[in-house]
Amino acid sequence: MPAPWFTSPADAAERLAAAGYLADGATATTSFLAGALGKPLLVEGPAGVGKTELAKAVARATGAGLVRLQCYEGLDEARALYEWNYKKQLLRIQATGEQSWADAHDDIFSEEFLLTRPLLTAIRREEPTVLLVDEVDKTDVEVEGLLLEVLADFQVTIPELGTVTAVRRPFVVLTSNATRELSEAVKRRCLYLHLGYPDGEREREIVTSQVPDLERRVAEQVVATVARLRELELKKAPSIAESVDWARTLVALEIRNLDEKAVADTLGVVLKHASDQDRAVRELRLR
Amino acid sequence: MTERSGLVDRHVAFLRALREAGLAVSLAEGLDAVAALRALPWDDRVTLRDAYAATLVKRQAQRPTFDALFDVYFPRLVGEGAEAAAEPAGEPGGARDGADDLAAFRGELRATLTDGGQPALERLATQMVGRFGAMPGRGPGLSSWSAYQATRRVSPEELADQVVAALLAQGIAEEEAAGLAGRRLASYARMVEDDAQRRIAAEKGPDHVARVAVRPTIDRLDFLAARRTDLEAMRREIYPLARRLATRLTREQHARRRGPLDVRRTVRASVSTGGVPLVTHHRPRRPHRSELVVLCDVSGSVANFAQFTLLLVYALREQMQNLRAFTFVDDVHEVTDRLRPGADVADVMADLAASTAHASRFGRTSYGRAFTEFAQRFPDALGPKSSLLVLGDARSNYSDLAVPVLRELAGTARHAWWLNPEHPRHWGTGDSAARQYAEVVPMVECRNLAQLAEVVHDVL
Chain A
1 MPAPWFTSPA DAAERLAAAG YLADGATATT SFLAGALGKP LLVEGPAGVG
51 KTELAKAVAR ATGAGLVRLQ CYEGLDEARA LYEWNYKKQL LRIQATGEQS
101 WADAHDDIFS EEFLLTRPLL TAIRREEPTV LLVDEVDKTD VEVEGLLLEV
151 LADFQVTIPE LGTVTAVRRP FVVLTSNATR ELSEAVKRRC LYLHLGYPDG
201 EREREIVTSQ VPDLERRVAE QVVATVARLR ELELKKAPSI AESVDWARTL
251 VALEIRNLDE KAVADTLGVV LKHASDQDRA VRELRLR
Chain B
288 MTERSGLVDR HVAFLRALRE AGLAVSLAEG LDAVAALRAL PWDDRVTLRD
338 AYAATLVKRQ AQRPTFDALF DVYFPRLVGE GAEAAAEPAG EPGGARDGAD
388 DLAAFRGELR ATLTDGGQPA LERLATQMVG RFGAMPGRGP GLSSWSAYQA
438 TRRVSPEELA DQVVAALLAQ GIAEEEAAGL AGRRLASYAR MVEDDAQRRI
488 AAEKGPDHVA RVAVRPTIDR LDFLAARRTD LEAMRREIYP LARRLATRLT
538 REQHARRRGP LDVRRTVRAS VSTGGVPLVT HHRPRRPHRS ELVVLCDVSG
588 SVANFAQFTL LLVYALREQM QNLRAFTFVD DVHEVTDRLR PGADVADVMA
638 DLAASTAHAS RFGRTSYGRA FTEFAQRFPD ALGPKSSLLV LGDARSNYSD
688 LAVPVLRELA GTARHAWWLN PEHPRHWGTG DSAARQYAEV VPMVECRNLA
738 QLAEVVHDVL
């Protein structure tokens, strides 16, 4: 029995905080459960609230290695699981010249010619591993089926080599921006955590922990303004990542007071649509 | 395992209530929840809730329903709670709700609202329902609790000005103080309602409350029956919905986009594998351009529905080049140019609302008239490449239906659909011409966001 990932929700919160991730109660509890039950954790929420960061923080907090599978449209088995190194196999065949088919066959489908991709890598690793499957919603539906097989049993079957079973269950984090509804089957096998925008107090802590040079008063102003922006009907509401960016910008520009002019000048850091900026300027009466 | 702790029963009842409320909770997930509970300490109710949520709720839109049901099945406290025993009991029974008590209670409430301590507010809400919201029944089991009665007697809103004044005295800016007081009062009102519900649940059993009081999830809520606050929540939901639909559409088009073999690229790629073409490359297929023509009823009876469909149409407009939208009551009015891509959503909706005034000449819905007008004034709108989408309840005030005109329109278009926000059992009742029109154009029930998502995906 390998060492548990976290011993309790409180332990999870503490160690994540030590790794630079301020988790709220639900996040800490769910992270603990993902480790304790050995189930993949599906994290959904708007962009920039720290979904990917959570996986990285778990890796840092537990001293595990991080294996990342970035999903995209058109991702296939060969890129996610494993593929054979054709070029090397061809070279091998050409190099030996006269050799019986049976020998050649055994030779070219061996460990040496196997290119492991993230999923297989994570399963075969003997050290503690955090497997991050980033932006699952970007993949095609077929890949979800592949993930299902891997995530349910933590094993992969390679026809030429046999079944590879996980020596040690990785801590799996799947992230999704919910641009597409994931299949019920995937959701059923995962624990679910929705990361939303944090409350003012927590967001201020996050911003000050990321940007230590920021004065407390300015941090409060940033958080309050961002909270007001989120209440507007915007195309892309600012997330924590944008609050942090904004705080960094203010430090870089040496702005000590976030007055209306300062907001208007630096709004581009927070809002990335022209129509959103117009709306913010109008609603917050900046000009 | 002969003794039952009661927790298993409660767990099973909770799962059943979730299923009845429309959450698809599978057996496996129920077992996961039990496993999660075994792994956790039980001393904290919030941890318990998070564990349940992580294993059972897989869609954020369902979270409010889950929270409401959780509160009913796993109440925050039982009866008056432990604090009540600690505080001086005074006279027993109903004597604690006299005029003096009321004044004292309001004083305490005002102070607490000013400080804004969450646990203190919750304690006060419990007290308020217990002291001022009791509705004694004629017999045992008939008594009940009323948040309404408690609120009417204490009337916390009247304290708003005093709270704002107190906040101002603390040096908080005026605008912020008003906002803060409003938010605290609103959350207090919700606590009072929750507490009344908790007490009712304790007396009548959680199953009763779960059936009666818990509203369906936002995506299953009826368009025509939605309340104002629900409408706002639904509006927030619709933009991501449209984006999801649009991304799914482009992705599915991509998936089908494998064109003819590109020999040159395939051969070039085969060089790296010793001349064996392992990977084939294909020419991209020419994009298929579909045109969409939307005819939307904007009369009073379907105002809510029209708002959503127009919002959705607007969101789709950003993705589709060829989209024309028309609104009507009895006269047809083109609104395509109001749906400027990239413009501000709220502006566009206000603009649309203003422009729909043109769509009514006599003020009474007439589908027949609208179709005839449309066919005459915009004969070029529909073609063999376009899809026609009619949105409305088909209630035509017993006027001429102009079915042949619609048949002709539907015949010109490649596809035609009709989305009706009414339940099919109401189709054909009263002045509804749904049955007649459904014979000409396939009519689909579209009463909530979930159905809307489904329909739009199938249609486009």
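Here the protein sequences line up with chains A and B, keeping their order.
The first sequence begins at 1 in the numbering used here and counts up by one.
The second sequence begins at 288 in the numbering used here and counts up by one.
Glycine is no exception: its CB is placed at the ideal position from the N, C-alpha and C atoms.
Give me the Cα-Cα distance between residue i and residue j, rounded to the nearest whole angstrom.
i                : j                : result
Val727 (chain B) : Trp704 (chain B) : 10 Å
Gln436 (chain B) : Glu14 (chain A)  : 45 Å
Pro406 (chain B) : Pro351 (chain B) : 21 Å
Gly717 (chain B) : Tyr685 (chain B) : 9 Å
Leu639 (chain B) : Leu599 (chain B) : 13 Å
Val479 (chain B) : Leu467 (chain B) : 18 Å
Leu284 (chain A) : Ala465 (chain B) : 17 Å
Glu149 (chain A) : Leu119 (chain A) : 11 Å
Ala720 (chain B) : Ala681 (chain B) : 5 Å
Tyr196 (chain A) : Gly655 (chain B) : Reading the sequence as shown, one finds Gly at residue 196 (chain A) and not Tyr. Their Cα atoms are separated by approximately 48 Å.
Gly20 (chain A)  : Gly50 (chain A)  : 12 Å
Glu695 (chain B) : Pro564 (chain B) : 52 Å
Phe361 (chain B) : Ile487 (chain B) : 13 Å
Pro423 (chain B) : Ala434 (chain B) : 14 Å
Ala122 (chain A) : Leu42 (chain A)  : 17 Å
Thr438 (chain B) : Met521 (chain B) : 28 Å
Leu191 (chain A) : Trp101 (chain A) : 48 Å
Glu220 (chain A) : Leu267 (chain A) : 17 Å
Ile525 (chain B) : Phe595 (chain B) : 7 Å
Ala556 (chain B) : Gly562 (chain B) : 8 Å
Asp140 (chain A) : Phe665 (chain B) : 40 Å
Taking the beta carbon of residue i as the centre, do at least 16 other beta carbons fall within 10 Å, making it buried, or is it exposed?
i                : result
Phe649 (chain B) : exposed
Arg329 (chain B) : According to the sequence displayed, residue 329 (chain B) carries Trp and not Arg. The residue in question, Trp329 (chain B), is exposed, as its Cβ has fewer than 16 Cβ neighbours within 10 Å.
Arg297 (chain B) : exposed
Glu257 (chain A) : For clarity, residue 257 (chain A) is Asn in the given sequence; the question names Glu instead. Label assigned to Asn257 (chain A): exposed.
Arg282 (chain A) : exposed
Ala80 (chain A)  : buried
Tyr72 (chain A)  : exposed
Glu378 (chain B) : Reliability fails at Glu378 (chain B), whose pLDDT of 41 lies under 50, so the model's placement of it is uncertain and the value that follows must be treated cautiously. The residue in question, Glu378 (chain B), is exposed, as its Cβ has fewer than 16 Cβ neighbours within 10 Å.
Gly492 (chain B) : exposed
Glu709 (chain B) : buried
Leu305 (chain B) : buried
Val333 (chain B) : exposed
Ala61 (chain A)  : buried
Glu44 (chain A)  : buried
Ser559 (chain B) : exposed
Glu660 (chain B) : buried
Gly679 (chain B) : buried
Gly97 (chain A)  : exposed
Within the same chain, show all residues whose beta-carbon is closer than 6 Å to that of residue i, passing over the 5 residues directly before and after it, in chain order.
i                : result
Ala453 (chain B) : Thr401
Ala59 (chain A)  : Leu66 and Val130
Val136 (chain A) : Cys71, Leu174 and Ser176
Thr699 (chain B) : Leu669
Leu161 (chain A) : none
Val269 (chain A) : Asp245, Trp246 and Thr249
Thr116 (chain A) : Tyr82
Leu16 (chain A)  : Ala23, Ala57 and Ala61
Assuming residue i contacts residue j under a Cβ cut-off of 8 Å, what Cβ separation, rounded to an integer in Å, is found between them?
i                : j                : result
Ala55 (chain A)  : Leu66 (chain A)  : 7 Å
Ala308 (chain B) : Leu343 (chain B) : Not a contact, Cβ separation roughly 12 Å.
Thr27 (chain A)  : Leu174 (chain A) : Not a contact, Cβ separation roughly 15 Å.
Leu229 (chain A) : Ala166 (chain A) : Going by Cβ atoms, the distance from Leu229 (chain A) to Ala166 (chain A) rounds to 44 Å, so no, they are not a contact pair.
In its own chain, which residues sit with a C-beta less than 8 Å from the C-beta of residue i, not counting the 5 before and 5 after it?
i                : result
Val223 (chain A) : Gly200, Glu203, Arg204, Val207 and Ser243
His273 (chain A) : Leu234, Lys235 and Lys236
Grab me the residues of residue i's own chain with a C-beta within less than 7 Å of its C-beta, minus the 5 sequence neighbours each way, in chain order.
i                : result
Gly380 (chain B) : Here Gly380 (chain B) scores only 45 on pLDDT, less than 50, and its place in the model should not be relied on; the value that follows carries that caveat. Around Gly380 (chain B): no qualifying Cβ.
Asp481 (chain B) : Asp358
Pro547 (chain B) : His569 and Arg570
Thr355 (chain A) : A question about residue 355 (chain A) goes unanswered here, because the residues of chain A that appear run from 1 up to 287.
Met730 (chain B) : Trp705, Asn707, Ala721 and Tyr724
Along the segment 57 to 77 of chain A, where does the CB come closer than 7 Å to a CB of chain B? Name the residues. Glu73
Members of the segment 557 to 591 of chain B that neighbour chain A once the beta carbon cut-off is set at 9 Å: Ser559, Thr560, Gly561, Val563 and Leu565
Residues of the segment 207 to 225 of chain A with Cβ closer than 7 Å to any Cβ of chain B, in chain order: Against chain B - using a Cβ distance shorter than 7 Å - the segment 207 to 225 of chain A contributes no residues.
What residues from the segment 32 to 44 of chain A come within 9 Å of chain B, judged by C-beta to C-beta, listed N to C? Phe32, Leu33, Ala34, Ala36, Leu37, Lys39, Leu41, Leu42 and Glu44
Near-chain A residues of the segment 309 to 337 of chain B (beta-carbon distance less than 8 Å), N- to C-terminal order: Closer than 8 Å at the C-beta level to chain A, one finds these residues of the segment 309 to 337 of chain B: Ala311, Ser313, Ala315, Glu316, Asp319, Ala322, Ala323, Ala326, Leu327, Pro328, Val333, Thr334 and Asp337.
Listed from N- to C-terminal order along the chain, which residues in the segment 2 to 27 of chain A have their beta-carbon within a distance smaller than 8 Å of any beta-carbon of chain B? Ser8, Pro9, Gly25 and Ala26
Which residues of the segment 189 to 208 of chain A have a Cβ closer than 7 Å to any Cβ of chain B? Give them in chain order. If the cut-off is 7 Å between Cβ atoms, the segment 189 to 208 of chain A has Leu191, Tyr192, Leu193 and His194 near chain B.
By the 8 Å beta-carbon criterion, what residues does the segment 134 to 164 of chain A contribute toward chain B? Residues passing the 8 Å Cβ filter: Asp140.
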